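Working notes for the structure below.
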Amino acid sequence: MTYNELDEVIKDSTKADWLFNDERGIYTFKNDLNLRIQRKEIDFDFDKFGGEDWATRHPDPTAYRETYEIYYGSSFVKEKLLVSVDGHRATLPLPKINTNIVSYEDYHFAEIVDQLNTLSEYMERAGLKLDDE
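Below is the structure:
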């Protein structure tokens, strides 16, 4: 599988296409078991995320950076950064710098890993908008 093919597989997939193990933080693609997304453990000191109103305007203002690593077989391919907000009640994609606009690709990735089905609600609460392009 090429890098571009892997990107297309992820873009074309839905949450239902992935097996999830919460204890390990691993998402495995059902149609190709070599493709997986692995959530790194949060370092509650180093990964604290602040200074952005969209991330801290919730009842629990604490936010943490979450890193998701994408692997194919044993090969690391790339990582995606999301932000866990409101006491881990939602995981949001990062907006483009100095905007409240989120790319469709980042939103779609957040949909795949949205285990509590709170992404849409929290996007609205945070004032984040999906890019029209």
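Residue numbers are given in the numbering used here: position 56 of the sequence shown equals residue 247, and the series is strictly consecutive. The beta carbon of each residue, even a glycine, is placed where N, CA and C say it ideally should be. Note that the coordinates shown come from a computational prediction; the quantities given were computed from them, not determined experimentally.
According to DSSP, what are the bridge partners of residue i?
i: F326; result: Examination of residue 326 is not possible in this model, given that the chain is present from 192 through 324 alone.
i: P284; result: L273
i: W245; result: Partner(s): none; W245 has no beta bridge.
i: Y255; result: K239, S275
i: K320; result: I292
i: E184; result: Only positions 192 to 324 of the chain appear in the structure, and residue 184 is not among them; the question remains open.
In three-state terms, what does DSSP make of residue i?
i: S266; result: strand
i: E302; result: helix
i: L307; result: coil
i: E214; result: coil
If I follow the unbroken alpha helix (DSSP H) through residue i, where does it start and stop?
i: N195; result: 194-203
Spatial neighbours of residue i within its chain, please: CB distance less than 7 Å, with the 5 preceding and 5 following residues excluded, ordered by chain position.
i: P250; result: D277
Could you tell me the boundaries of the beta strand (DSSP E) in which residue i lies?
i: R230; result: 226-230
i: T219; result: 217-220
Ignore the nearest five residues each way along the sequence and tell me which others in residue i's own chain have a CB closer than 6 Å to its CB.
i: S275; result: Y255, E257, T282
i: K320; result: N291, I292
i: N225; result: Y263, G264
i: K271; result: Y259, F300
Once the 5 residues before and after residue i are set aside, which same chain residues still bring their CB inside 8 Å of it?
i: W245; result: L283, P286, N291, A317, G318, L319
Any contact between the stretch 283-294 and the stretch 213-232? By contact I mean 3 or more CB pairs, one from each, below 8 Å. no
Hey, is the stretch 235-247 in contact with the stretch 259-269, meaning 3+ C-beta pairs nearer than 8 Å? no
Should the stretch 298-308 be called in touch with the stretch 192-211, which here means at least 3 C-beta pairs below 8 Å? yes
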